[in-house]
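Right, one structure below, let's go through it.
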Amino acid sequence: MWRLTSLAGVLAFLLSSCDPAFHVVPVGWRKLESGHFERQVRDLHIETAAVGGLAGEWWIGVDFLVTDAKKPVVPKVNTLVTSHGRFPGKFRETPHSLPADAASHPEKVLLAADWEFPKDTTLPENLGESPTVEVSFLYGGERRNFTVSYRRE
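Converting from the sequence shown to this note's numbering requires adding 1 to each position, the first position being numbered 1.
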């Protein structure tokens, strides 16, 4: 009986100290069965996922996958806009929230970026209720951009 009581106490402690999840989803994007989201931006089809993680995390990343690029795509800047300001992202070549091989097809291009915040802050503090990401890139040499507004899930 003592073991059962101890196990129950440890389990209760672990569950009570869990960090809750914090996610924001893109507004106006169609949700897919996979849980990802898609949208047509002019002549390009783009997929993404909800943004978030544990509430106590101090960094965030976004993945945007162009799935039908007929011309070269060159990332320029992904900017996170919150009530705290505008923050340029750091581009990366591998997805966080989309499948690892997401950009392996010649017509697929990943426009992904990360942001880091002070480690003593949290995602809810840094993102707020409705952050926005501005995506800027060249498509066949032509400047393109789109803006994604998010809301708390």
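For each residue, glycine too, the CB sits at the ideal point set by N, CA and C.
Euclidean distance between Cα positions of residue 140 and residue 105: For the purposes of this step, residue 140 is taken as residue 139 along the sequence shown, with counting starting at 1. For the purposes of this step, residue 105 is taken as residue 104 along the sequence shown, with counting starting at 1. Approximately 18 angstroms between the Cα atoms of the pair.
Extent of the continuous alpha helix (DSSP H) to which residue 139 belongs: Within the sequence shown, the letter at position 138 stands for residue 139. Boundaries around residue 139 are those of the beta strand (DSSP E), 133 to 140, since no alpha helix (DSSP H) includes it.
Outcome for residue 116 when other beta-carbon atoms lying within 10 angstroms are tallied against a minimum of 16: Here residue 116 is taken as the residue at index 115 of the sequence shown, counted from 1. Result: buried.
DSSP three-state assignment for residue 16, whether helix, strand or coil: Looking up residue 16 in the sequence shown gives position 15. Note that residue 16 has pLDDT 46, beneath the 50 cutoff, so the model's placement of it is unreliable and the number below is only indicative. Residue state, collapsed to three classes: helix.
Helix, strand or coil at residue 125 [DSSP, three-state]: As a first step, residue 125 is located in the sequence shown; it is residue number 124 there, counting from the start. Reduced to three states, the DSSP call for residue 125 is helix.
Residues of its chain near residue 82, where Cβ-Cβ distance is below 7 angstroms and the 5 sequence neighbours each way are ignored: Here the question's residue 82 lines up with position 81 in the sequence shown. 132, 133, 135, listed in sequence order.
Spatial distance of residue 90 from residue 63 (CA atoms): As a working note, residue 90 is residue 89 in the sequence shown. As a working note, residue 63 is residue 62 in the sequence shown. Going by C-alpha positions, residue 90 is about 9 angstroms away from residue 63.
Closest by C-alpha distance to residue 88, when choosing among 52, 138, 61: Position 87 of the sequence shown, counted from the first residue, corresponds to residue 88. For residue 88, the closest C-alpha among the options 52, 138, 61 is that of 61.
Integer Cβ distance of residue 25 from residue 144, believed to fall under 8 angstroms: On the sequence shown, position 24 is the one that residue 25 refers to. On the sequence shown, position 143 is the one that residue 144 refers to. About 27 angstroms separates the two Cβ atoms, so there is no contact after all.
Distance between residue 73 and residue 150 (C-alpha atoms, nearest Å): Sequence index remark: in the sequence shown, residue 150 carries index 149 (1-based). Sequence index remark: in the sequence shown, residue 73 carries index 72 (1-based). Computed Cα separation, rounded: 26 angstroms.
Separation of residue 146 from residue 118, as counted between CA atoms: Here residue 118 corresponds to residue number 117 of the sequence shown, with the count starting at 1. Here residue 146 corresponds to residue number 145 of the sequence shown, with the count starting at 1. When rounded, the distance between both Cα atoms is 25 angstroms.
Beta-carbon proximity check, residue 69 vs residue 99, cutoff 8 angstroms: Taking the first residue of the sequence shown as position 1, residue 69 is located at position 68. Taking the first residue of the sequence shown as position 1, residue 99 is located at position 98. Between residue 69 and residue 99, the C-beta spacing is not below 8 angstroms.
Simplified DSSP state of residue 46, which is helix, strand or coil: For the purposes of this step, residue 46 is taken as residue 45 along the sequence shown, with counting starting at 1. Strand.
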